[in-house]
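Visitor: Respectively, the protein sequence lines represent chains A and B. Each residue of the first sequence is one higher than the one before, counting from 1 in my numbering. Each residue of the second sequence is one higher than the one before, counting from 1001 in my numbering. All C-beta atoms in this analysis are idealised placements derived from N, C-alpha and C, irrespective of residue type, glycine included. Computed from a predicted structure; not experimentally measured.
There are 2 protein chains.
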Amino acid sequence: MKVMVVDDHDLIRKGIILLLESYADIEVAADAGDGNEALVLAMQTEPDVVLMDISMPNGLDGFTTTKQLIQQQPNIKVVLLTMHDEEAYIRQAIQSGAHGYILKKSQGSDLYEAIYHVYHGQRYYRTDLSEEQIEKMMKEKEKPVSPLTLREQEVLRLTVLGYTNKEIAEKLHISAKTVENHKSNIMNKLDLKQKHEMIQYGIKNYFSDMR
Amino acid sequence: MKVMVVDDHDLIRKGIILLLESYADIEVAADAGDGNEALVLAMQTEPDVVLMDISMPNGLDGFTTTKQLIQQQPNIKVVLLTMHDEEAYIRQAIQSGAHGYILKKSQGSDLYEAIYHVYHGQRYYRTDLSEEQIEKMMKEKEKPVSPLTLREQEVLRLTVLGYTNKEIAEKLHISAKTVENHKSNIMNKLDLKQKHEMIQYGIKNYFSDMR
DNA sequence: CAATACATAGGGGCATCCCCCTATCCGTAT
DNA sequence: ATACGGATAGGGGGATGCCCCTATGTATTG
Chain A
1 MKVMVVDDHD LIRKGIILLL ESYADIEVAA DAGDGNEALV LAMQTEPDVV
51 LMDISMPNGL DGFTTTKQLI QQQPNIKVVL LTMHDEEAYI RQAIQSGAHG
101 YILKKSQGSD LYEAIYHVYH GQRYYRTDLS EEQIEKMMKE KEKPVSPLTL
151 REQEVLRLTV LGYTNKEIAE KLHISAKTVE NHKSNIMNKL DLKQKHEMIQ
201 YGIKNYFSDM R
Chain B
1001 MKVMVVDDHD LIRKGIILLL ESYADIEVAA DAGDGNEALV LAMQTEPDVV
1051 LMDISMPNGL DGFTTTKQLI QQQPNIKVVL LTMHDEEAYI RQAIQSGAHG
1101 YILKKSQGSD LYEAIYHVYH GQRYYRTDLS EEQIEKMMKE KEKPVSPLTL
1151 REQEVLRLTV LGYTNKEIAE KLHISAKTVE NHKSNIMNKL DLKQKHEMIQ
1201 YGIKNYFSDM R
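1) Look at Met1 (chain A) and Val50 (chain A) and say whether their C-beta atoms are less than 8 Å apart.
2) Does the beta-carbon distance from Gly1202 (chain B) to Gln200 (chain A) come in below 8 Å?
3) If you follow the alpha helix (DSSP H) that Ile186 (chain A) is in, where does it begin and where does it stop?
4) In terms of DSSP beta bridges, what is Ala30 (chain A) paired with?
5) Whole angstroms is fine: what's the gap from Phe63 (chain A)'s alpha carbon to Gln1071 (chain B)'s?
6) Under 7 Å Cβ to Cβ from Gly1121 (chain B), same chain only, skipping five residues before and after it: list those, please.
7) Whose Cβ in chain B lies nearer than 9 Å to the Cβ of His196 (chain A)?
8) Let me check understanding here. Comparing Cα to Cα, which of B:Glu1021, B:Lys1139, B:Met1187 and B:Thr1065 lies closest to Ser1055 (chain B)?
9) Please report whether the beta-carbon of Met1083 (chain B) lies at a distance below 8 Å from any beta-carbon of chain A.
10) For Leu172 (chain A), would you say it is in contact with chain B, using Cβ-to-Cβ distances shorter than 8 Å as the test?
11) Tell me the residue span of the alpha helix (DSSP H) that contains Ile1168 (chain B).
12) Residues of chain A with CB under 7 Å from Ser1106 (chain B), in chain order?
13) Could you tell me which chain B residues have their CB closer than 7 Å to the CB of Ser184 (chain A), listed as they occur along the chain?
14) Using the Cα positions of Asp1010 (chain B) and Lys104 (chain A), report the straight-line distance between them to the nearest angstrom.
15) Quick one: does Gln1200 (chain B) have its CB under 8 Å from some CB of chain A?
16) Can you give me the start and stop residues for the beta strand (DSSP E) that Tyr101 (chain A) sits inside?
17) Using only CA atoms, which one of B:Ser1184, B:Ser1146 and B:Arg1157 lies nearest to Leu1172 (chain B)?
18) Output the boundary residues of the alpha helix (DSSP H) element that contains Asp1025 (chain B).
19) Where do the N-terminal and C-terminal ends of the beta strand (DSSP E) with Asp110 (chain A) fall, by residue?
20) For a quick check, are the C-beta atoms of Val118 (chain A) and Asp53 (chain A) less than 8 Å apart?
21) DSSP state of Asp1010 (chain B), grouped into three classes?
22) Could you check what DSSP says for Lys1193 (chain B) in three-state terms: helix, strand or coil?
23) Any chance the stretch 1091 to 1111 of chain B sits against the stretch 10 to 29 of chain A, with 3 or more Cβ pairs inside 8 Å?
24) Counting only beta-carbon separations shorter than 8 Å, does Ile1026 (chain B) have a partner in chain A?
25) Determine whether the Cβ of Gly15 (chain A) lies closer than 8 Å to any Cβ atom of chain B.
26) Quick check on the burial criterion: 16 or more other C-beta atoms within 10 angstroms. Buried or exposed for Lys14 (chain A)?
27) In the structure shown, what three-state DSSP assignment does Thr1064 (chain B) receive?
28) Per DSSP, what kind of secondary structure is Thr1082 (chain B) in: helix, strand or coil?
29) Using the beta-carbon of each residue, which ones in chain B are nearer than 9 Å to Ser22 (chain A)?
30) Ordered along the chain, which non-local residues of its own chain (more than five positions away) have a Cβ less than 7 Å from that of Ser1175 (chain B)?
31) Could you name the residues of the stretch 95 to 124 of chain A whose beta carbon sits closer than 9 Å to any beta carbon of chain B, in the order they occur along the chain?
32) Along the chain, where does the beta strand (DSSP E) containing Met52 (chain A) start, and where does it finish?
33) Going by the CB atoms, is the gap between Ile76 (chain A) and Pro47 (chain A) shorter than 8 Å?
34) For Ile1026 (chain B), which residues from the same chain have a beta carbon less than 6 Å from its beta carbon, with the 5 sequence-adjacent residues on both sides left out?
35) In chain order, what residues of the same chain lie with their CB nearer than 6 Å to the CB of Tyr23 (chain A), ignoring the 5 residues before and after it?
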C-alpha cells in the first residue's frame, strides 16, 4: 500500500512515517507539509492512501484538501488524523468525502487498521461517537454543518475576534445595520438570550483549534 | 542517554519514540500519557532526559509537571515540545526550569540536538525569538508572565468570553465603572488603540489551546 | 405562482460602552 | 516619609450596540 503523509508539523510527520514504515506492507511514497504540496505530490506519486492532519496552515485545511484530492484522483483514499473528537469535525470529515478518521490519542495499531480498511474500500471512522450517529451523518450528507448561513458565520467569527459592527461592515462591504441584523438572526436561530452565549458558541464552533 | 517521552496523544508518542530510537546513543527508557504517570515513571526508571509535550490533560500540564519533576529529581533534564512559538509560552517554559524547548514544526534533527545539548548540561531553546530575548527572559525569572495584573487578566478573560461590563462587575463583585477602568488600563499598558486588538491579545495569551 | 430563506438596509430609542477626568485606600519599595 | 502601583469608584459626553419594526431584491422550492 502506497501511503502519503500530510502534516504541517515536521517532527510529528517524521514520527508517523517511521510508525508506518514499521509495517511491511506499507510504503511511504511521499510526505507533505501543507495542502498545496499534498495536491502536487499526490499527482506525481499516486499514493493509494493519504493520511492527513486536519489542522493545517495557509487556508487549505484537511477538509478542503481532501475534497480537492478526491476530485483530482477519484480512486485515492483519505484518512483524516486529528485530536478533535467533536460532532462538527466528524460531520465535516464525512462531507469532505474522507474514507477514514482517527484520533491522535488513539492506539498505534488503529493507524494500520484505518489504512488497511480504506485501502480495501471500507470506511473506517474511529471516534467516541456511536456507529448509529455516524450512519445518520452519512445519510445527511447535504445537511449544513452549521445552522448558521455562511454570512452569519463570517459575522460571528469577526464578532468573536472583537471587531465592532462598523469594522465588520467595512470588512464585508455591507452596512453596519446589516451586521446588526445578522447578529440578531444568529441569536434568534440559536435561541440565545445574551451576547456572551453567542460569543461562546462562536468560540466553540469556529475557534476550537485556535493557535 | 536514557530518555522518557511524555505526550497524551498515543499515536504521536509512538512516532516520536521511533524517531528517537533511530539514534544509536538514545535509549527510550519509558513513556507516559500524562503528568502524573510521568512523575511516577521518572522515579522508577530515572531517565537522563524527559521530552514532554506542554498541552496535557488533567490539570497537570507540561510546565507544572516540569517544575515537580525537577524538584523530585534535580539532575533530570527536561525538553519541552509544543506547537506554540509565543513569548508567553517560552517565558513559562523558562520559569518552569525546562532545559530545552523545541517546536513540533521544527526539523527532526533538532530533536536529537536538543536532547544532546541538555544531556551535556547546556540550554537549548529553538524558537523564532532571538537569543537576546531568551537571555533577557532568563534574567527575569521572577517577572510575571503577563504584563497585566491578575485582576486585569480576569477582566480580559471575561471580556473575550463576551460578558458585558455589568456582568463582569457582578462576577467579580465590583462596579461596572471599575471594569471599565481595568479595560482602559489594559489598553494603555499594551499600547492598543482598538478593542479587537485587546480581544485578540486575550485570545492569543489566555485561550491559545482552547479545545 | 406563491412561499420561504437569505442578504441587504434604514428609523427610532434605550442601554451600554468607551474615554478623559478625578479620587480614595492600601501595600510596598525607595 | 513619600512615592508608586494596584484596585476601587464616580461624572460627563459621545460613540456604539441592541432591539423592534419595516422594506427590497434574489434565489430556491413546493
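Guide: Quick look at the numbers:
1) no
2) no
3) Ala176 to Lys189
4) A:Met4
5) 44 Å
6) none
7) Leu1158, Leu1161, Gly1162, Tyr1163, Thr1164 and Glu1167
8) B:Thr1065
9) yes
10) no
11) Asn1165 to Leu1172
12) Asp10 and Leu11
13) What Ser184 (chain A) touches in chain B: nothing, since even the nearest Cβ is about 15 Å away.
14) 6 Å
15) yes
16) Gly100 to Leu103
17) B:Arg1157
18) Premise fails: Asp1025 (chain B) is in no alpha helix (DSSP H) and is neither H nor E.
19) Not the beta strand (DSSP E): Asp110 (chain A) falls in the alpha helix (DSSP H), residues Gly108 to Tyr119.
20) no
21) helix
22) coil
23) yes
24) no
25) yes
26) buried
27) helix
28) strand
29) Leu1018
30) Ala1169
31) Ile102, Leu103, Lys104, Lys105, Ser106, Gln107, Gly108, Asp110 and Leu111
32) Val49 to Asp53
33) yes
34) Met1001, Val1003 and Leu1020
35) Tyr112
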